[in-house]
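The listed protein sequences derive, respectively, from chains A and B. Under our numbering, the first residue of the first sequence carries the number 48, and numbering increases by one thereafter. Under our numbering, the first residue of the second sequence carries the number 48, and numbering increases by one thereafter. Using N, Cα and C, we set each Cβ at its ideal position, and we do this for glycine too. To keep things clear, I will list the structure first and then write my remarks on it.
Protein chains: 2
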Amino acid sequence: MPEFFTVRTPPDAWKLLRQHFAPHIRTEQISTTDALDRVLAAPLASPQDLPEFARSTVDGYAVNAADTYGASSSLPAFLTIIGEVAMGRTSDLQLGVGEAALVHTGGMVPAGANGVVMVENTQIVDKTSIEVLRPVAEGENVIQIGEDIRTGDAILAAGHSLRPQDIGGLLALGITTVTVARPPRVGIISSGDEVVAPDQPVVPGQVRDINSYTLAGLTRRAGGQPILYGIVPDEQPALEAVAQQAHLECDIVVLSAGSSVSYRDLSVGVIAGLGAPGVLAHGLSVRPGKPTIVAVAGGKPIFGLPGNPVSAMVIFDLMVSPAIRALLGATEQPKQQVQAKLARNIASTAGREDYVQVRVEERDGELWAVPVFGKSNLIYTLVHADGTVKIDLNANGVREGVWVTVFLH
Amino acid sequence: MPEFFTVRTPPDAWKLLRQHFAPHIRTEQISTTDALDRVLAAPLASPQDLPEFARSTVDGYAVNAADTYGASSSLPAFLTIIGEVAMGRTSDLQLGVGEAALVHTGGMVPAGANGVVMVENTQIVDKTSIEVLRPVAEGENVIQIGEDIRTGDAILAAGHSLRPQDIGGLLALGITTVTVARPPRVGIISSGDEVVAPDQPVVPGQVRDINSYTLAGLTRRAGGQPILYGIVPDEQPALEAVAQQAHLECDIVVLSAGSSVSYRDLSVGVIAGLGAPGVLAHGLSVRPGKPTIVAVAGGKPIFGLPGNPVSAMVIFDLMVSPAIRALLGATEQPKQQVQAKLARNIASTAGREDYVQVRVEERDGELWAVPVFGKSNLIYTLVHADGTVKIDLNANGVREGVWVTVFLH
Numbered sequence: 048m049p050e051f052f053t054v055r056t057p058p059d060a061w062k063l064l065r066q067h068f069a070p071h072i073r074t075e076q077i078s079t080t081d082a083l084d085r086v087l088a089a090p091l092a093s094p095q096d097l098p099e100f101a102r103s104t105v106d107g108y109a110v111n112a113a114d115t116y117g118a119s120s121s122l123p124a125f126l127t128i129i130g131e132v133a134m135g136r137t138s139d140l141q142l143g144v145g146e147a148a149l150v151h152t153g154g155m156v157p158a159g160a161n162g163v164v165m166v167e168n169t170q171i172v173d174k175t176s177i178e179v180l181r182p183v184a185e186g187e188n189v190i191q192i193g194e195d196i197r198t199g200d201a202i203l204a205a206g207h208s209l210r211p212q213d214i215g216g217l218l219a220l221g222i223t224t225v226t227v228a229r230p231p232r233v234g235i236i237s238s239g240d241e242v243v244a245p246d247q248p249v250v251p252g253q254v255r256d257i258n259s260y261t262l263a264g265l266t267r268r269a270g271g272q273p274i275l276y277g278i279v280p281d282e283q284p285a286l287e288a289v290a291q292q293a294h295l296e297c298d299i300v301v302l303s304a305g306s307s308v309s310y311r312d313l314s315v316g317v318i319a320g321l322g323a324p325g326v327l328a329h330g331l332s333v334r335p336g337k338p339t340i341v342a343v344a345g346g347k348p349i350f351g352l353p354g355n356p357v358s359a360m361v362i363f364d365l366m367v368s369p370a371i372r373a374l375l376g377a378t379e380q381p382k383q384q385v386q387a388k389l390a391r392n393i394a395s396t397a398g399r400e401d402y403v404q405v406r407v408e409e410r411d412g413e414l415w416a417v418p419v420f421g422k423s424n425l426i427y428t429l430v431h432a433d434g435t436v437k438i439d440l441n442a443n444g445v446r447e448g449v450w451v452t453v454f455l456h
Numbered sequence: 048m049p050e051f052f053t054v055r056t057p058p059d060a061w062k063l064l065r066q067h068f069a070p071h072i073r074t075e076q077i078s079t080t081d082a083l084d085r086v087l088a089a090p091l092a093s094p095q096d097l098p099e100f101a102r103s104t105v106d107g108y109a110v111n112a113a114d115t116y117g118a119s120s121s122l123p124a125f126l127t128i129i130g131e132v133a134m135g136r137t138s139d140l141q142l143g144v145g146e147a148a149l150v151h152t153g154g155m156v157p158a159g160a161n162g163v164v165m166v167e168n169t170q171i172v173d174k175t176s177i178e179v180l181r182p183v184a185e186g187e188n189v190i191q192i193g194e195d196i197r198t199g200d201a202i203l204a205a206g207h208s209l210r211p212q213d214i215g216g217l218l219a220l221g222i223t224t225v226t227v228a229r230p231p232r233v234g235i236i237s238s239g240d241e242v243v244a245p246d247q248p249v250v251p252g253q254v255r256d257i258n259s260y261t262l263a264g265l266t267r268r269a270g271g272q273p274i275l276y277g278i279v280p281d282e283q284p285a286l287e288a289v290a291q292q293a294h295l296e297c298d299i300v301v302l303s304a305g306s307s308v309s310y311r312d313l314s315v316g317v318i319a320g321l322g323a324p325g326v327l328a329h330g331l332s333v334r335p336g337k338p339t340i341v342a343v344a345g346g347k348p349i350f351g352l353p354g355n356p357v358s359a360m361v362i363f364d365l366m367v368s369p370a371i372r373a374l375l376g377a378t379e380q381p382k383q384q385v386q387a388k389l390a391r392n393i394a395s396t397a398g399r400e401d402y403v404q405v406r407v408e409e410r411d412g413e414l415w416a417v418p419v420f421g422k423s424n425l426i427y428t429l430v431h432a433d434g435t436v437k438i439d440l441n442a443n444g445v446r447e448g449v450w451v452t453v454f455l456h
């Protein structure tokens, strides 16, 4: 009977995939204000010093630090006020010896001054003079030119996903447009004679399409653009036609369908027909998710995912998401994860990666990972889980009470 | 000189805020397929059993388990094939004693059958009969009616943020629309005579607006809709007019501006003028972020954030984001966080919460949190940081090598 022909470990399958898949990162230029969560396509260097002028960090008086040395409440330094630095204006004041200028937080420190004494540490004598009650050091309460960032400094590397503070940092430098990777197009094909669209009535024997929409959400989260090709009957000509169209129009093709042997034969045949080098792995040594097909055709990754929703999600995270990230040129940030103590022993078999769905619970201030037992063909196994714990390829399970990393969904 | 009048700890300020702020959650009905990351406004219960029919989990023969008891390779059970269950069809087959029906993975288990023997454990005798080489238990290889979820079972609670697998779970039940919270409108006002729009040229003394766009991004991440009111000069009538408009049009108002004492006086006056009960905290015992104003006017939270970008982000996470989540009715999921070892001693003062920006580095497979030293008025302190470590109100700092939780940006 038909079985899996070329079972590989997930790392081996990925390595093989990458040998035949040289991602071409397509780029576009967009407004920086629209670039949240987009991936930079080129490194950015600073076009200027930030700040471009010495700024005061306090409300006070810009002074020459040497004029305040030794000052105290009992023996204050006496300085002449030569003016006020207006906010948002270039100050043309020029301090001489024994002179001071009123300056506000964020205001420009005028020429001749090298420190700012806080207003709390001064006493007004009259309109044109103050007493300084504490000395200031050179540079005290001043942000120097280029202290935030200097002209030519690397700001952000290619592959970085832009966060709110990055947007702020770019705009601070007047960088109002950025070149980012376009979201890769991920074609999603659902197949199965028993599968119907979610808004259609079902009769016993039929099930509603779950995977198309779950995979579309996962694609969006990874930074891709999902393109749904609908539900295709389990017939070779129909599936072939849709797969070829998706392969033409998309950067990645994902077939999600029934898990029956007949379907697997059908889809492996259709995938093999899309082009060279074709099927690289037919079966992965992972649970759940063994009935996976990993292929490349004409430089584009093609995945045949198991029909079970839990398996499909595990394999998406393991294979499809990294392929999307590769097409974005994205460097990986630390993942969404928490450390938790395992609430039960988990058995496993060496030579196979296991992915266990868990709920994260807080007990007396400690996080616990509670395995959600449920068959991988049950969607509510996923709905009731907060994340996944990986049991390594060569581990024989993990004991209760051990700290594990939960990768959050 | 003017100072902070009512300094409170962040928990006290939040408690006081919530006494005057009873969030009214506005809802809307949208398509489930568009509901990724939206917050459910009402709990959902299952309208049906899932699956609605007993499904096979393997390719094989539906049988009456009792007919296979004691079967082995040497003494197989002999069964008569009465037909095949077509995928996606309601089967009208009815098994009698000694009968079997061919069934595929995901197919309906016909009446009279209570288990499925895998095809691998059978041998075809002729077109109408098989030998079963191993017994099956009752229920083996069958997903029972309602095994995934039962009619009336709670699916998801109000306040839950919808993930890809939740979308799949809802669609599996034919739930094609959901009632979710509308994104709260967050009015963002930037103020300061020295602040100019990022696309404008600057002269020494001026700085580009950082905070409006950083805060807009943080608002989006929290699930709110940012509404930018532009840059307002440091003049009471102008700021008052814009603040009143934002207060009228939005659910939350955030003023972000200079940190000078004169500005703080101006903004506290403008905020106090928006309505009762007015300013609840004028100063927070947190570093960075002390010059914060927390207020409620007419049931709407109003925040005066410090002008420094690092302080503004810390206070946003601490106060504004929870207010947005409250208006969404959102229950909190485990946060994006990693455990890491602190790479240096951090000093702190009891009686004040400290938030330290850190970079997360991997060294020999362990994560380390490396404090990013930089003044909180430097935007690149944030750009170079991966997350924040909190030093508790009553801690006197944390020692190098201690495991800390890093809340990722």
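Considering just the uninterrupted stretch of the beta strand (DSSP E) at residue i, what are its terminal residues?
i        : result
Ile171/A : 169-173
Ala250/A : Position check: residue 250/A holds Val in this sequence, whereas Ala was assumed. Val250/A -> no beta strand (DSSP E), and no H or E assigned at all.
Arg410/B : 400-410
Ile236/B : 232-238
Thr127/A : 124-131
Val156/B : Taken as a continuous stretch (DSSP letters only), Val156/B belongs to no beta strand (DSSP E), as it is neither H nor E.
Val86/B  : Where Val86/B is concerned, there is no enclosing beta strand (DSSP E), given that its DSSP letter is neither H nor E.
Gln383/A : Run containing Gln383/A: none; DSSP gives neither H nor E here.
Please list, in chain order, all residues of the same chain as residue i whose beta carbon is under 8 Å from its beta carbon, the five residues on each side excluded.
i        : result
Gly376/B : Pro70, Ile72, Val86, Ala88, Ala205, Gly206, Ala228
Tyr310/B : Ser238, Gly239, Asp281, Ala304, Gly354
If we ignore side chains and look at the alpha-carbon of each, how far apart do residue i and residue j end up?
i        : j        : result
Arg410/B : Leu425/B : 27 Å
Val449/B : Leu389/B : 6 Å
Asp439/B : Glu75/A  : 44 Å
Trp61/A  : Ile362/A : 11 Å
Arg55/A  : Leu331/A : 5 Å
Leu275/A : Thr266/A : 11 Å
Below 7 Å CB to CB, which residues in the same chain sit around residue i once its five sequence neighbours on both sides are set aside?
i        : result
Lys437/A : Glu400, Tyr402
Ala219/B : Leu97
Glu131/A : Ala148, Leu149
Val242/A : Val254, Asp256, Ile278
Go through its chain and collect everything with a Cβ distance to residue i's Cβ below 6 Å, but skip five positions before and after it.
i        : result
Gly444/B : Ile393, Ala394, Ser395
Gln272/A : Pro230, Arg232
Val357/B : Pro335, Ser423, Thr428, Leu429
Glu408/B : Trp415, Val417
Leu302/A : Ile236, Ser314, Gly351
Gly193/B : Asp96
Ala397/B : Asn441, Asn443
How far does the alpha helix (DSSP H) with residue i in it extend, from its first residue to its last?
i        : result
His294/A : 283-296
Val430/B : 426-430
Ile77/A  : Careful: Ile77/A lies outside any alpha helix (DSSP H), inside the beta strand (DSSP E) at 74-78.
Gly145/A : Looking at the DSSP string, Gly145/A is not in any alpha helix (DSSP H), and its letter there is neither H nor E.
Name the chain A residues whose beta carbon is nearer than 7 Å to that of residue i?
i        : result
Tyr260/B : Thr80, Ile214, Gly215, Leu218
Thr223/B : Pro245, Asp246
Mind listing the chain B neighbours of residue i? Cutoff is C-beta to C-beta under 9 Å, in chain order.
i        : result
Pro356/A : Gln212, Gly215, Gly216, Ala219
Could you list which residues in chain B have their beta carbon closer than 7 Å to that of residue i, in chain order?
i        : result
Tyr402/A : Going along chain B, no residue has its Cβ under 7 Å from Tyr402/A, so there is no contact; the nearest lies around 14 Å.
Pro251/A : Glu99, Phe100, Thr137, Met155
How would you list, in chain order, the residues of chain A whose beta-carbon sits under 9 Å from the beta-carbon of residue i?
i        : result
Asp298/B : Going along chain A, no residue has its Cβ under 9 Å from Asp298/B, so there is no contact; the nearest lies around 20 Å.
Please list the partners that residue i has in chain A, where partner means a Cβ-to-Cβ separation under 8 Å.
i        : result
Arg85/B  : The contacting residues do not exist; Arg85/B stays about 11 Å from chain A at best.
Asp256/B : Leu218
- Item | Against chain B: residues of the region 99-128 of chain A by CB proximity under 7 Å | Glu99, Phe100, Thr104, Asp106
- Query: In chain order, what residues of the region 433-449 of chain A put their CB closer than 9 Å to some CB of chain B?
  - Reply: From the region 433-449 of chain A, only Asp433, Gly434 have a Cβ closer than 9 Å to chain B.
- If you measure beta-carbon to beta-carbon, which residues of the region 262-287 of chain A are closer than 8 Å to chain B? Leu262, Ala263, Gly264, Leu265, Arg267, Arg268, Asp281
- Message: Short of 9 Å Cβ to Cβ, which residues in the region 52-74 of chain B face chain A?
- Response: Those residues of the region 52-74 of chain B that come within reach of chain A (Cβ to Cβ, closer than 9 Å) do not exist; the list is empty.
- chain B contacts from the region 162-189 of chain A (Cβ-Cβ distance under 9 Å): Val166, Glu167
- Message: What are the residues in the region 393-419 of chain A lying within 7 Å of chain B by C-beta distance?
- Response: Of all residues in the region 393-419 of chain A, those with a C-beta nearer than 7 Å to a C-beta of chain B are Val407, reading in chain order.
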